[in-house]
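For reference, the structure is listed below as structure tokens.
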Amino acid sequence: MNTEARDNLTSAKTVDNGQFIRDWFSGAAGGGAPTVNTPTSSADGDSLATTLAMLMQVIKDSKWSIITLIILGVIAGVIRALSETPVYQAKLTMAVEPSTASSGNQALFDPYAYRFYETQYELLKSRSVAERVVDRLGLVERESVTSFLVPPSLSQTLVLEVEKLLGLKFGERVEDIDSTVQLTPDEASRRKAWLTAVVQSGVSVSGGDKTNLVTVTYRSINAGFAADVANALVQAYIEQGLDAQLNRSKQTTRWLSQRISEQKQALDKAQDDLQAFLVEEGLLDSSRSTDITTDELRSLNSEYLAAQSNLAELQKRYGALHPKISEARSELSAAKQRLDAKSQSISSNRLKQIELARLEQEVETNKELYEAFLVKFREADISSSASQVARARIVDRAIPPSGPIYPQKERIVLMWAVGGLLLGVGIAFMREQLDSTFKNGRAVETKLGLPLFGVMQAMDKNIPNVERHYLDNTRSVFSESVNHIRTGVMYSNVDNPPQVIVITSSVQSEGKTTLASNLALSYAQMGTTLLIDADLRRPRIKNIVDTGVTVGLVDCVAGVVSLEECVQQDPEQNKLFILKAGTTPPNPLELLVSEKFKQTLAQLRTKFDHIVIDTAPVLPASDAVVLGQICDCLLLAIQSDRTTHHMARDAIKRLNASKVDVTGLILTQANIRKDNPYAYGGYYGYGAYAYIEDAEGSTKS
């Protein structure tokens, strides 16, 4: 091996060949070509780090799309945050304690005390308190109240944000103008009902479990309005409690006054009835009259008994017709009449006494009731109803909040930015899953299970004659990638390096001719090399290099001209020779399977160290299948971002079906970038680990 070839081989070794280099050495140690197996599931899941690395690679490949979506997410988040109406919350703290009636027998512990506080919470949110707030703040007549309740437009929000940033104020706003509007009674009534509902909707009340402190909050789109309503709300609640207390006192006084008047009338009537009865019945001195009547009745009863006794004695002495007997009987009859008359008189007086006692009792009862109501009236006990009354006082008044509680603009923008990130990553992974083309060398080896011999970077379209770009700078990144492929082919069988190399592809325009031409130029650095254009249907080498002859392979195999006349030396590389396709044959496949072609190829083997054959694609034609039977090595070119997995697999299956093995794969037209040196299986992104000549002309690596 000459010095130039040794230097090129050394440079090829300095490039990390990846896993397939180890496979080559394993194959060489075993005395044959390396055995390439399809990756198993255990290999796919070799480690989580490999999967994460692939995911990170997808993110890196789509980083600009992801960054764009993040920026769009931030912009959308800013617009959303500005379009949301800010809500301010003012908070007031007050102490509320129950006050029971001064009955002197209230319980020390009330298990239903929580009902009292729940009642106060509902009272604070009641419609009656909200109406008091509307009246207290004069909201019905205020013209600027609409600005406190109607959300601003997006343009107004932007102006407010600019004012906050600059600390300026552009003109006078509606809420700064203190003016009133004239409304009809119906309009005022409807406006008050609407404002009452608005005030009610923003009220929130909560209390602690272990304290009597109650927190009242009010939310509004205006900070000052929220504080005003919160303060007015509590004041209205306290006033409503005092008014309710005063109303109860007035009602009690009114009721007592009415009852006292009625009871006075009843007492006067009872006294009048008693007086009239005494006068009418002559009972002004009823107790003395009772004593006289009793004595008379006792005397009359004695007279009756004496007359009866006298009659009994006379009847013993005299006969029935005796005059004394008749006289005694007359006296007894008269005494009995007087006793009966007096008894009837006494009975009549007894009824009068009963009626008198009733009238006197009625007078006494009315008098007691009258005096009791009079005492209550003097006391004016406002807690006589025995109901609880709330005692409330403000602890901390509400002040205008410094900032809104909603929206949280930073959080919204962050969420939209994260959403843009997730969307970008999701789209990148979805695109990666849906895109069945090959993006990098790792994907080629993983999907096809064959070794990757190298990667050829995509060249600028403005570069002329890219098929011979190797000669422009043999130490460039492009040239090093070609040398890398040459090294891979050589190490595919160390004991017997391939001499005849066939280069094909799945379909046309995958860069196989560019690969074949530049690879032949690379092999020419190591020995005599022949480049054969065996793509007899669409030959291109005749358009790449002008050797001055028009005959070629077809003419030689057909016997029209000799082999020496067809093979011409490359005008720029003295160790490279060109064998063009020549005349287009009617049936190229028959020419390639002919014995004459095999003899011609055998003759060429004896004359050249290396032979590179460019042939037709596998899927549209069978030329590569025929050439693969008689060659030493077959390379399959796969274009990055164009050749699909199915196309490459179908081409390999077609070759394998004819017992033609694909020695290695070449990824062509790859977009190798400096910021992603590992993306395509090599280190070419570092600007090539090439040679630097010092001042004395020596070469350093």
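For the sequence shown, counting from 1, position 290 maps to 410 in our numbering; every step adds exactly one.
Don't be surprised by glycine CBs; every beta carbon is placed ideally from N, CA and C.
Predicted, not measured: the structure shown is a model, and the values here were computed from it.
Whole-Å CB distance - residue i paired with residue j, under 8 Å assumed
| i | j | result |
| --- | --- | --- |
| V622 | A744 | 6 Å |
| I179 | I186 | 7 Å |
| Y643 | V732 | 7 Å |
| V349 | V325 | Incorrect: roughly 13 Å between the Cβ atoms, too far for contact. |
| A537 | I772 | With 8 Å as the limit, A537 and I772 do not qualify as a contact, their Cβ atoms being about 45 Å apart. |
| S626 | M767 | 4 Å |
| L756 | V782 | 5 Å |
| K700 | I661 | 6 Å |
| E451 | A432 | E451 to A432, Cβ: 13 Å. No contact. |
| L554 | E565 | The pair is not a contact, with the Cβ atoms about 21 Å apart (cut-off 8 Å). |
| H765 | K559 | About 11 Å separates the two Cβ atoms, so there is no contact after all. |
| T337 | Q209 | 5 Å |
Member of the options whose CA lies at the smallest distance from the CA of residue i
| i | options | result |
| --- | --- | --- |
| A562 | L303, L787 and V669 | In the sequence under discussion, the amino acid at residue 562 is Arg, which differs from the Ala named in the question. Ranking L303, L787 and V669 by Cα distance to R562 puts L787 first. |
| A454 | P443, L425, R478 and R437 | L425 |
| V687 | T726, Q395 and L650 | L650 |
| P691 | K700, V713 and G668 | G668 |
| T335 | L431, Y241, G679 and A640 | Y241 |
| D734 | R311, L639 and S522 | L639 |
| L541 | N776, R660 and G197 | G197 |
| R247 | L353, S422 and Q645 | L353 |
| D329 | S419, E238, A343 and T266 | E238 |
| Q645 | E587, T594 and I380 | T594 |
| L333 | S612, D181, A736 and I514 | I514 |
| G679 | K695, S381 and G702 | G702 |
| I822 | R339, D181, K436 and V713 | Since the first and last residues shown for the chain are 121 and 821, residue 822 lies out of range. |
| E261 | P305, F236 and P218 | P305 |
Between the CA atoms of residue j and residue i - distance to the nearest angstrom
| i | j | result |
| --- | --- | --- |
| R374 | Q391 | 26 Å |
| D655 | G544 | 44 Å |
| V674 | T607 | 31 Å |
| G193 | T557 | 30 Å |
| Q789 | Q759 | 6 Å |
| V301 | E204 | 30 Å |
| G150 | G784 | With a pLDDT of 36 at G150, under the threshold of 50, the modelled position of this residue cannot be trusted; read the value that follows with caution. Looking at the two C-alpha atoms, the distance is approximately 18 Å. |
| R63 | P520 | There is no way to answer for residue 63, as the model of the chain reaches only from 121 to 821. |
| D615 | G574 | 21 Å |
| I698 | S682 | 14 Å |
| T213 | R517 | 7 Å |
| K245 | Y357 | 9 Å |
| A722 | N585 | 31 Å |
| L489 | Q383 | 7 Å |
| A636 | M576 | 12 Å |
| E600 | A578 | 14 Å |
| L303 | T316 | 17 Å |
| I341 | I532 | 18 Å |
| M176 | P659 | 42 Å |
| D653 | E552 | 36 Å |
| A396 | E482 | 14 Å |
| K529 | G539 | 15 Å |
| V207 | A347 | 12 Å |
| G647 | R725 | 13 Å |
| M610 | V677 | 29 Å |
| I583 | A173 | 34 Å |
| A386 | V495 | 17 Å |
| A461 | L420 | 10 Å |
| P617 | D729 | 11 Å |
| V665 | R762 | 27 Å |
| K312 | E263 | 13 Å |
| F370 | F493 | Per the sequence shown, the amino acid found at residue 370 is Lys instead of Phe. Whole-angstrom Cα-Cα distance: 15 Å. |
| G147 | L534 | Any reading at G147 must be qualified, since the residue scores a pLDDT of 38, below 50, and its modelled position is unreliable; the value itself is stated next. So the alpha carbons of these two residues sit roughly 55 Å apart. |
| T331 | D363 | 26 Å |
| T720 | I750 | 12 Å |
| A769 | N776 | Just to set this straight, residue 769 is Arg in the shown sequence, not Ala. For R769 and N776, the distance between alpha carbons rounds to 10 Å. |
| R379 | G361 | 27 Å |
The ligand NAD heavy atom lying under 6 Å from the CB of residue i
| i | result |
| --- | --- |
| L650 | Of ligands this structure carries none, so the ligand NAD is not represented either. |
Closer than 7 Å to chain D by CB, residue i
| i | result |
| --- | --- |
| S778 | Absence of chain D from the displayed structure is noted, only one protein chain being present. |
> Which whole runs of the alpha helix (DSSP H) in the region 577 to 654 are 4 residues long or more, in chain order?
Replying inline: For the region 577 to 654, whole alpha helix (DSSP H) runs of length 4 or above, ordered along the chain, are 597 to 610 and 632 to 643.
> Curious, which full-length beta strand (DSSP E) runs of at least 3 residues does the region 332 to 402 contain?
Replying inline: Within the region 332 to 402, complete beta strand (DSSP E) segments of at least 3 residues are found at 333 to 340, given in chain order.
> Which residue spans inside the region 675 to 738 form an unbroken beta strand (DSSP E) run of at least 3?
Replying inline: Runs found: 696 to 699 and 730 to 735.
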